[in-house]
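Right, one structure below, let's go through it.
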Amino acid sequence: MPFHRYVALGDSFAEGVGDPEPSAPNGLRGWADRVAAVLAEQSPDFTYANLAVRGRKLDGVLAEQIEPAVALEPDLVTIYAGANDIMRPKVDIDALVEKYDAALGKLAATGARMLVFTAFDPGGSAIYRPLRGRFALYNEMVRWAADRHGATIVDFWRFRVLRDWRYWDEDRLHLGPAGHQFIAIQVLDLLGVPHGVDQPDLPPEVVLTRGGRYRANAAWTRTHLVPWVQRRLTGRSSGDAIRPKRPELGPFA
Numbered sequence: 001m002p003f004h005r006y007v008a009l010g011d012s013f014a015e016g017v018g019d020p021e022p023s024a025p026n027g028l029r030g031w032a033d034r035v036a037a038v039l040a041e042q043s044p045d046f047t048y049a050n051l052a053v054r055g056r057k058l059d060g061v062l063a064e065q066i067e068p069a070v071a072l073e074p075d076l077v078t079i080y081a082g083a084n085d086i087m088r089p090k091v092d093i094d095a096l097v098e099k100y101d102a103a104l105g106k107l108a109a110t111g112a113r114m115l116v117f118t119a120f121d122p123g124g125s126a127i128y129r130p131l132r133g134r135f136a137l138y139n140e141m142v143r144w145a146a147d148r149h150g151a152t153i154v155d156f157w158r159f160r161v162l163r164d165w166r167y168w169d170e171d172r173l174h175l176g177p178a179g180h181q182f183i184a185i186q187v188l189d190l191l192g193v194p195h196g197v198d199q200p201d202l203p204p205e206v207v208l209t210r211g212g213r214y215r216a217n218a219a220w221t222r223t224h225l226v227p228w229v230q231r232r233l234t235g236r237s238s239g240d241a242i243r244p245k246r247p248e249l250g251p252f253a
């Protein structure tokens, strides 16, 4: 069945950070835009909204995006939220998912087909690996909530191929163009939508020397890690001055 009104919700993952496209709103493409491009080919009256904003924690996503999404009367909804909470020093995962579950109930009441993402598996990252148990617990509770509301689960945790850093942006936190293309394929396949999106072409793998790894890690720390920590310490977010790139339903072009 073709979809006519698609609304994407979430944080930087759904906004498309890591997949630059100067001509697109907010200068980003992303997997949701890639999915919308395919859906637009199959329905002449297809419309698309993307309410996601980078840096948003779960409370922000729920407060700013759920009611506007419901008001748009979608027939397809995708949502990814919570990862920014899990990476904070302290988080009450039970309370987090309780609020998420209630929000999923509101989205499900629209009758839309709903896809809910788990968070990625940080086991392949030396930086994020200490949080792996927290991610696993959160994901299991998200699966429970998604099942309760009849949602389709996009199990990001199980995409083992994404341990290959060639799928990721240089900031090591967001997917790069290849990663967004991979996710778009998974979503379209779960929806049962025929498409011609090819698996991404990856650049040759670069094997660094010990010194090369040290220099690369030092450059990443200066360029990406230090600014991220500074924002956390000062209570700022990368999305403070960002607006949703597609706040209203409209044709995808």
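Residue numbering for the sequence shown follows UniProt numbering, starting at 1 and increasing by one per position.
We put the beta carbon where it would ideally sit given N, CA and C, even for glycine.
As the structure is a computational prediction, the values presented were derived from the model and not from experiment.
DSSP places Thr78 within a strand segment (E or B) once states are collapsed to three. Pro25 sits in a helix when the DSSP states are folded into three classes. Assignment of beta-bridge partners to Ala49 by DSSP yields Val7. Bridge partners of Thr152 according to DSSP: Leu115.
Shown here, Leu173 sits in coil according to DSSP, grouped into three states, outside any helix or strand. Within a 10 Å sphere around the beta-carbon of Ile86 sit 16 or more other beta-carbons, which makes this residue buried.
Residue burial is scored here from C-beta neighbours: Gly16 has at least 16 other C-beta atoms within 10 angstroms and is therefore classed as buried. Judged by DSSP secondary structure, Gly250 falls within the beta strand (DSSP E) whose first and last residues are 246-250. Annotation for Pro200: no alpha helix (DSSP H) segment contains it, and DSSP assigns it neither H nor E.
In this structure, Ala24 sits away from Ala49, with a CB-CB distance that is not shorter than 9 Å. Between the beta-carbon of Ile79 and that of Met141 there is about 15 Å, and that puts the pair past the 8 Å contact cut. For Gly60, the enclosing alpha helix (DSSP H) begins and ends at 58-71. The C-beta separation of Leu188 from Val35 comes to about 6 Å, placing the pair in contact by the 8 Å criterion.
It is roughly 16 Å from the alpha-carbon of Pro20 to the alpha-carbon of Arg166. The way I'd put it, the segment 42-61 doesn't touch the segment 107-123; fewer than three beta-carbon pairs between them come closer than 8 Å. Straight across, the Cα-Cα distance linking Val53 with Arg213 is about 32 Å. Bounds of the alpha helix (DSSP H) holding Ile86 are 83-86. In chain order, Leu39, Asp75, Leu76 place their CB closer than 6 Å to the CB of Phe3, counting only its own chain and leaving out the 5 sequence neighbours on each side. Each residue's CA atom was taken as its position, placing Thr209 and Gly55 some 34 Å apart. Across the set Arg163, Arg243, Ala71, the C-alpha of Arg163 shows the shortest separation from the C-alpha of Glu205.
The segment 96-111 makes contact with the segment 149-164, as at least three CB pairs between them are under 8 Å.
Excluding sequence positions up to five before and after Arg134, its CB lies within less than 6 Å of the CB of Ile86, all in the same chain and listed in chain order. The bridge partners DSSP lists for Pro20 are Leu28.
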